[in-house]
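Everything below concerns the one structure shown next.
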Amino acid sequence: MINPTITVENNKININFLIKNNASKIRLKERKNEMGERFLTLNEALDNENAYIEWQIGYDTKVNSKNDYKIECLKGDKYIYYKQKKDKTEKKYPAELMVIIKYALDLELLTKEDIKDILDKVDYIYDKQIYLDNHSIIGTDTGIFLYDDFKIFNRILPMAILKEKDYFIEMERKQMQYAAGYQVMVYVCPYFKSLKKKSDNTYSWIINKGNIDIFKKVLLSFSLASKQHNRDIKELVRIIIS
Numbered sequence: 001m002i003n004p005t006i007t008v009e010n011n012k013i014n015i016n017f018l019i020k021n022n023a024s025k026i027r028l029k030e031r032k033n034e035m036g037e038r039f040l041t042l043n044e045a046l047d048n049e050n051a052y053i054e055w056q057i058g059y060d061t062k063v064n065s066k067n068d069y070k071i072e073c074l075k076g077d078k079y080i081y082y083k084q085k086k087d088k089t090e091k092k093y094p095a096e097l098m099v100i101i102k103y104a105l106d107l108e109l110l111t112k113e114d115i116k117d118i119l120d121k122v123d124y125i126y127d128k129q130i131y132l133d134n135h136s137i138i139g140t141d142t143g144i145f146l147y148d149d150f151k152i153f154n155r156i157l158p159m160a161i162l163k164e165k166d167y168f169i170e171m172e173r174k175q176m177q178y179a180a181g182y183q184v185m186v187y188v189c190p191y192f193k194s195l196k197k198k199s200d201n202t203y204s205w206i207i208n209k210g211n212i213d214i215f216k217k218v219l220l221s222f223s224l225a226s227k228q229h230n231r232d233i234k235e236l237v238r239i240i241i242s
């Protein structure tokens, strides 16, 4: 799959997933035992009540000179923000989650009062330092030997899951794939049955006044992920409403 397109149609936000293969930040999976147990093809997902899209949603992307972006973003000088990352500063645009929040404000699915309420909660989380990133990854000895002196250990990864009828949000602290250290990943996961077919391989998640609260909760999820995520969310939301 490639990153979704985000469009406005009939005063609703359409998040359009092109389903071709399980790659990048979008995967089609089957949910069992509170886990995504296996990847699915589109045909396998059609009649599977436990099929869902695992979307590793983003909220910013680097500004580049070619003006060529692989994810939906808000472009222009008024949207630029500077993110301090270790010993360097990155120039970025708001993306994906922030595009949805901007469209929701434009369509009056959200109000500035809604955003103020979210920012109050983000500030509270920051003040109390309530982050999943504070929780350690733990290795436990099972006491079981695989073969000879090879002993089996379990690795326990801290997770937080918010479950609703048509979707769930999953946060997981895990080891970085291409660098040393750990990071918290946030996944937004609509069940496949809640999506609307748009074309042969494209399915849309329709966001309206009745379900926009999903993305208020995604904002909170990022603010709970880590101190850096919390700061980023606060800065980006303020840019959008300014």
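Throughout the sequence shown, residue numbering follows the numbering used here, covering 1 to 242 in sequence. Glycine included, C-beta positions come from ideal geometry on N, C-alpha and C.
Grab me the residues of Ile-241's own chain with a C-beta within less than 8 Å of its C-beta, minus the 5 sequence neighbours each way, in chain order. In the sequence shown, counting from the first residue as 1, residue 241 sits at position 241. Only Leu-105, Lys-112, Ile-115 meet the Cβ criterion.
Can you give the Cα-Cα distance for Tyr-103 and Asp-123, rounded to whole angstroms? Residue numbering aside, residue 103 sits at position 103 when the sequence shown is read from its first letter. Residue numbering aside, residue 123 sits at position 123 when the sequence shown is read from its first letter. Approximately 24 Å between the Cα atoms of the pair.
How far does the alpha helix (DSSP H) with Leu-42 in it reach, from first residue to last? Counting from 1 along the sequence shown, the entry for residue 42 is found at position 42. Taken as a continuous stretch (DSSP letters only), the alpha helix (DSSP H) holding Leu-42 covers 42-45.
Taking the beta carbon of Phe-192 as the centre, do at least 16 other beta carbons fall within 10 Å, making it buried, or is it exposed? Position 192 of the sequence shown, counted from the start, is the residue given in the question as residue 192. With 16 or more other Cβ atoms within 10 Å, it is buried.
Confirm, please, whether the CB-CB distance from Asp-60 to Tyr-264 is below 8 Å. Here the chain covers residues 1 to 242 and nothing more, so residue 264 does not appear.
Can you tell me whether Met-98 is helix, strand or coil according to DSSP? Stepping through the sequence shown from its first residue, residue 98 is reached at position 98. Looking at Met-98 - three-state DSSP - the assignment turns out to be helix.
With three or more beta-carbon pairs closer than 8 Å as the criterion, would you say the segment 40-51 touches the segment 4-11? At 8 Å Cβ cutoff, the stretches do not touch.
Span of the beta strand (DSSP E) holding Tyr-222? Taking the sequence shown and counting its residues from 1, one reaches residue 222 at position 222. Note on residue identity: the sequence assigns Phe, not Tyr, to residue 222. In the DSSP annotation of this structure, Phe-222 is not part of any beta strand (DSSP E); the continuous alpha helix (DSSP H) holding it starts and ends at 213-225.
In the DSSP assignment, the alpha helix (DSSP H) including Val-63 goes from what residue to what residue? As a first step, residue 63 is located in the sequence shown; it is residue number 63 there, counting from the start. In this chain, Val-63 is not harboured by any alpha helix (DSSP H), its DSSP state being neither H nor E.
Minimum C-alpha distance to Glu-170 - residue among Ala-225, Glu-235, Lys-66: On the sequence shown, residue 170 is found 170 positions in, with the first residue counted as 1. Scanning Ala-225, Glu-235, Lys-66 for the CA closest to the CA of Glu-170 turns up Ala-225.
Please confirm whether Arg-155 and Ile-130 have their CB atoms less than 8 Å apart. Along the sequence shown, one-based indexing puts residue 155 at 155. Along the sequence shown, one-based indexing puts residue 130 at 130. The Cβ atoms of Arg-155 and Ile-130 lie no closer than 8 Å to each other.
Can you name, in chain order, every residue of its own chain whose Cβ lies under 7 Å from the Cβ of Gln-56, other than the five neighbours on each side? Working through the sequence shown from its first residue, we reach residue 56 at position 56. Its chain contains Lys-25, Met-185, Tyr-187 as the residues whose beta carbon lies nearer than 7 Å to that of Gln-56, once the 5 sequence neighbours on both sides are disregarded; these appear in chain order.
Do the segment 10-23 and the segment 197-210 meet, that is, are 3 or more Cβ pairs less than 8 Å apart? Counting Cβ pairs under 8 Å, three or more are found: they touch.
Cβ-based burial, Arg-238 [other Cβ within 10 Å; buried from 16]: Counted from its first residue, the sequence shown places residue 238 at position 238. Exposed, because fewer than 16 other Cβ atoms sit within 10 Å of the Cβ of Arg-238.
Given the structure, does Ile-169 come close to the ligand GTP, in the sense that its CB is under 7 Å from one of the ligand's heavy atoms? This structure simply doesn't include the ligand GTP, nor any ligand for that matter.
Helix, strand or coil for Asn-230 per DSSP? As a first step, residue 230 must be located in the sequence shown, where it is residue number 230. Residue state, collapsed to three classes: helix.
Return the residue from the list Asp-149, Asp-120, Tyr-69, Asp-117 that minimises the CA-CA distance to Glu-96. For this step, residue 96 is matched to residue 96 along the sequence shown. Its Cα nearest to that of Glu-96, the residue Tyr-69 stands out among Asp-149, Asp-120, Tyr-69, Asp-117.
Residue nearest to Lys-86 in terms of C-alpha spacing, selected from Met-159, Lys-234, Gln-228: Position 86 of the sequence shown, counting from 1, holds the residue named residue 86. Closest option to Lys-86, Cα to Cα, is Gln-228.
If you draw a straight line from the alpha carbon of Phe-168 to that of Met-159, how long is it in whole angstroms? Translated into the one-based positions of the sequence shown, residue 168 becomes position 168. Translated into the one-based positions of the sequence shown, residue 159 becomes position 159. Distance between the alpha carbons of Phe-168 and Met-159: 13 Å.
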